[in-house]
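The numbering of the sequence shown is my numbering, which starts it at 75 and goes up by one. See below for the structure under consideration.
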Amino acid sequence: MDCHKWRSLHLMLKRTNQFIELYLDSIKEVEEKARACYEGPVAMGLSSNEFVEKMVLDGCFVLELFRGAAEGFKQLGYPRNDPIFAMRGTMHSIQRDMIMLENQLPFFILYWLLVLQYGDPEQKGLVAKLDSGFSIH
């Protein structure tokens, strides 16, 4: 799944004309707060760079899922036959995985990533709006 997360991240970066360093540097600033949300291997087993990269990679993937569900994946630049975003069964499996406690991200990470993408700190509430289009049935 990581290869699809990287593919998604690269497409988002291309779409927003941004560089990954912006995201890594910004999340690095809140790494300690994010680590405090976890225990076990996620908090202790990853180096600083690995942890920050994981937060950026997973967070941007979640936001792409939310945006795609709300706006349509084709609108975001994904092909109609995308192996992840076009398959209904795969999406349902991803939704189930996202509710598992160990797969959840701190909400402030998603918010911070949205601020970086949109450049507008007034986007508060956008994560919830996007999430409402991605509910589990």
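All residues carry an ideal CB built from backbone N, CA and C; glycine is no exception.
- Leu137 is positioned such that its CB atom lies no closer than 9 Å to that of Lys128.
- Within the model, the alpha-carbon separation for Pro153 versus Lys88 is close to 15 Å.
- In terms of Cα proximity to Ser82, the closest of Glu145, Leu179, Gly146, Asp132 is Asp132.
- Close CB contacts of Cys111 within its chain, under the 7 Å cut and outside five residues either way in sequence, are with Pro180 (chain order).
- Taking C-alpha positions only, Gly151 is separated from Glu124 by approximately 28 Å.
- The beta carbon of Thr90 sits closer than 7 Å to those of Gln191, all from its chain and outside the five residues before and after it, given in chain order.
- Minimum Cα-Cα distance from Tyr185 among the listed residues Gly146, Phe140, Lys148 corresponds to Phe140.
- Membership of Phe93 in any alpha helix (DSSP H) is not indicated, and neither H nor E is assigned to it by DSSP.
- Rounded to the nearest whole angstrom, the C-alpha separation of Gln149 and Gln92 is 18 Å.
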